[in-house]
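Chains as they are written, first to last, in the working numbering: chain G, 33 to 448; chain P, 33 to 448. Backbone N, C-alpha and C fix where the C-beta goes; we use that ideal spot for every residue, glycine too.
2 protein chains.
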Amino acid sequence: MNPNDALEAASFIDASRLLQSIETLARFGARDDGGVDRPALSSVDIDARRFLVEHALALGCTVHTDACANLFFRRPGLEDLPPVMTGSHVDTQPTGGKLDGCYGVLAGLECLAALNDAGIRTRRPLEVVVWTNEEGTRFQPGAMGSSAFVDPALMERYGQTKDADGISLDRALVAHREAFPSLEERVTDKAAHAFIELHIEQGPLLELADVPLGVVKGIQGVRWYAVRCKGVAAHAGTTPMHARHDAMTLAVCIRAEISAFAHQLGGDDTRVTFGRWTVLPNSINTIASDVTFTIDFRHPNPAVLHAFDRQLAACLAHHAVTSEALFIHPPVVFAPSVVQRVADACHALGTHSLNITSGAFHDAMYLARHCPSAMLFVPSRGGISHNPQEATDDDHLVLGTRALAHCLVHLCNEAP
Amino acid sequence: MNPNDALEAASFIDASRLLQSIETLARFGARDDGGVDRPALSSVDIDARRFLVEHALALGCTVHTDACANLFFRRPGLEDLPPVMTGSHVDTQPTGGKLDGCYGVLAGLECLAALNDAGIRTRRPLEVVVWTNEEGTRFQPGAMGSSAFVDPALMERYGQTKDADGISLDRALVAHREAFPSLEERVTDKAAHAFIELHIEQGPLLELADVPLGVVKGIQGVRWYAVRCKGVAAHAGTTPMHARHDAMTLAVCIRAEISAFAHQLGGDDTRVTFGRWTVLPNSINTIASDVTFTIDFRHPNPAVLHAFDRQLAACLAHHAVTSEALFIHPPVVFAPSVVQRVADACHALGTHSLNITSGAFHDAMYLARHCPSAMLFVPSRGGISHNPQEATDDDHLVLGTRALAHCLVHLCNEAP
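What follows is the structure, given as structure tokens:
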């Protein structure tokens, strides 16, 4: 390897080409308010994927897919070694922005173009991956593509899940295969050498610290529960207060207790959200008979997560209320070797960086089980994401892509 | 008047005929679970009305209708005096029972039959009325028929309102006229002499007191508001707690404040319910950006209702939150003379009664503006209503009808 290749690749990142590609991809499923609505494997998602496939082919890549419709754009290496992977997803929230996921994919493709333009060859192949259904909006759970890549047995269960219109993932995958009949299956070989995901932060920490790049050391653990409170429907006008069993009164009481012990256990790192509420019969003049609300509790410390589980169980038992665990994931600690490559890239580009624990899930959460992985963040303006107003300064988008190129070249030239 | 006529009429109430008529009417729109689903002016409602019209004609009544499709079954009096009215409604909640409204209409018809059987003539005409769309389930607001009877100018607005299928009340009224082409319009003359509505309590007070009849002295006043709390949607995993604007956190805080001052102002008579909640985006992992919840506050004391309005306005202003008044009605105090007739009837039949303020709205709320009015309640088992399980003991249904007959005969023989 030419010791200057990493910096050379970074310098060949073409800002206007990168920014233009973000705008072009955002046209697929564009919303009137400037946002994007692109459900996984929908017709607009397939159109977006066709654009990406054609773009990758034009860059000289081979394109493969797999059982979960992940797309792999491969730039060959000089040697027959496991590849370095980068990428993210291109499905969006219903009121999503242009950057969440898309930025990581398009930055990866821009790195391929920069390597081409600079005439740089790497020892290892470099693959830019589009992971399917990361958002989990159309099919649950999220991160289907990356988790099924790491554990293909999951596809049996995933295939049966249905979207709101009753269409199964299996059926959506058939439609995807029909849309791309010439794509060959990626041959499963050895684990990748490394995975690195470039992403917008989706939070305010980098902006608050006025630092343009975040070296992501891990992802906090999460607990998702649904808590179901039962009451008795009764007439709002005729039922004395002492004779009521109001499911909403019970629910807000339990919510307050959970919030209190969550903060006590987790301190400043606590993230606790009660985001989804279903109230029955949801009528002005009827006392609620059933209230189900969700808990999203996150923390980087596994001991805190376990203590939360214990206190929650005790709290719900005390109120004779049932709950369902919807999603549980332990904290992820990224591979120090790859984290160091990210930190080195920031340093080599002469830019400040912040060590950060990701508050959001990412495909890298699953890839970390497959190969040494890490992430790189750029700031989100106002910390806003999952929102049409999601934005990152152009300078930050370009700088993040340069840092990615730097990392990738180093990783692609690492010895076996 | 023969001084024994009232007791005689009561004694001619035929229990099995009354109970059979309740079962027969319940067949129109019967649900599999034993309840009734009979939207106002729907085809099943028109079938039910046809049954009632034929029943009334068989009893020798004249039958009239009006601009809101109210039905008037009139038994002539000996003198040309304003009539005494009784009745209720026959539309139901979507998951309604057999008694709410229907009981009052069928008990009225049973009183007419008893008067016929006993050969009793009264000075004043007696009208049994079926008020249209009391529940307000198909067309909003509720109590359309009775309010439009009292204030015919309301029909201009009511006629435009549409049901969930986009059918206007005006169109539904045309269908009703076509179903009953021979019914003549009720000639508007002087106000009625009195109105008395027999109804199930729809609450637990009579059952808790183990008393079979309730003398209803009034209807508590009501305030319906929608409170809209604004926040900022943000990622549940990435947004530090101190940087959040969680609309649900704000909403439950305001709910607690309102509940506290509602109880402080209203004491034991307070009825406060927060029954309907709309949470946006209602996602597990997104902080709520908009929460709208409803307040149903009721109290018999106008001063308490006004104080509630003032404190609510101050509370919402303090939190910079907006609200919308959905429905406002002052407390109704029934005419002491008619209330006394109801109490006398209970006494004459040798049964205990409880003075009660209605917690629910009824057509009598509007009729009280038209003529001296009152209500009579029978117990609701378990206080349950708006529910297929709605039930009242047969003995109570019969006793209530006997008391109604007693009242009606007295009222019908009152001097001008």
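In the displayed model, ALA406 (chain P) falls within a strand according to three-state DSSP.
Across the set P:THR124, P:GLU233 and P:MET176, the C-alpha of P:GLU233 shows the shortest separation from the C-alpha of ALA268 (chain G). Less than 8 Å separates the beta-carbon of SER53 (chain G) from that of GLU142 (chain G). Under the DSSP definition of a beta bridge, ARG330 (chain G) partners with G:VAL254 and G:ARG303.
If you draw a 10 Å sphere on the C-beta of PRO115 (chain P), you find 16 or more other C-beta atoms in it, and that means buried.
Positions of the alpha helix (DSSP H) runs, each at least 4 residues long and wholly inside the segment 161–198 of chain G, are given as 176–182 and 186–192 in order along the chain. Relative to the Cα of THR305 (chain P), the nearest Cα in the group P:ALA335, P:ALA275 and P:VAL259 belongs to P:VAL259.
Each residue's CA atom was taken as its position, placing PHE293 (chain G) and VAL254 (chain G) some 16 Å apart. Sequence-distant partners of GLY128 (chain G) (beyond 5 residues in either direction) whose C-beta falls short of 8 Å from its own C-beta, in its chain, are GLY67, VAL68, ASP69, ARG70, GLU167, HIS418, ASN419, PRO420 and GLU422.
Among the CB atoms of chain P, one or more fall inside 8 Å of the CB of GLU233 (chain G). For the segment 249–275 of chain G, the beta-carbon criterion of a distance under 8 Å to any beta-carbon of chain P is satisfied by GLN252, VAL254, TRP256, ALA265, ALA266, HIS267, ALA268, GLY269, THR270, THR271, PRO272, MET273 and ALA275.
Per DSSP, MET280 (chain P) lies in no beta strand (DSSP E) segment; the continuous alpha helix (DSSP H) that holds it begins and ends at 279–298.
The Cβ atoms of VAL243 (chain G) and HIS402 (chain G) do not sit closer than 8 Å to each other. Burial state of LYS249 (chain P) is buried, judged by a 10 Å Cβ sphere holding 16 or more other Cβ atoms.
In summary, ARG189 (chain P) is exposed, with fewer than 16 beta-carbon neighbours lying within 10 Å of its beta-carbon over all protein chains present. Under the 8 Å criterion on CB atoms, ALA392 (chain P) is classed as interfacial with respect to chain G. Per DSSP, the beta-bridge partners of GLU229 (chain P) are P:MET407. Contact of PHE306 (chain G) with chain P is assigned, a C-beta pair being separated by under 8 Å. Residues of chain P whose Cβ lies closer than 7 Å to the Cβ of MET280 (chain G) are, in chain order, PHE306. Take the alpha-carbon of HIS96 (chain G) and the one of HIS350 (chain P): they are about 59 Å apart. Under DSSP, CYS261 (chain G) shares a beta bridge with G:VAL323. When the five nearest sequence neighbours on each side are left out, the beta carbons in the same chain lying within less than 8 Å of the beta carbon of ALA207 (chain P) are those of LEU73 and ILE78, in order along the chain. Taking the Cα positions, LEU205 (chain G) is about 17 Å away from VAL161 (chain G). Ranked by Cα distance from LEU237 (chain G), the first of G:GLY109, G:PRO411 and G:ALA279 is G:PRO411.
Listed along chain P, the residues sitting closer than 9 Å to THR326 (chain G) by beta-carbon distance are SER315, ILE316 and ASN317.
Contact with chain G is absent for GLY128 (chain P), since none of that chain's Cβ atoms lies less than 8 Å from the residue's Cβ. Of all residues in the segment 419–432 of chain G, only ASN419 place a beta-carbon less than 8 Å from a beta-carbon of chain P. Note on the segment 307–395 of chain G: whole alpha helix (DSSP H) runs with a minimum of 4 residues are 334–350 and 368–380, in chain order. Between THR302 (chain P) and chain G, the shortest Cβ-Cβ separation is below 8 Å. The C-beta separation of ASN333 (chain G) from ARG308 (chain P) comes to about 39 Å, leaving the pair out of contact by the 8 Å criterion.
Bridge partners of SER200 (chain P) according to DSSP: P:LYS194.
SER120 (chain G) carries a strand assignment under DSSP once its states are collapsed to helix, strand and coil. Membership of ARG49 (chain P) in the alpha helix (DSSP H) is indicated by the continuous run 47–58. For GLY136 (chain G) and THR281 (chain G), the gap between their C-alpha atoms comes out near 44 Å. Contact annotation, TRP256 (chain P) with ASP341 (chain P): C-beta distance approximately 12 Å; criterion of less than 8 Å not satisfied. For ARG287 (chain G), the closest Cβ of chain P is nearer than 8 Å.
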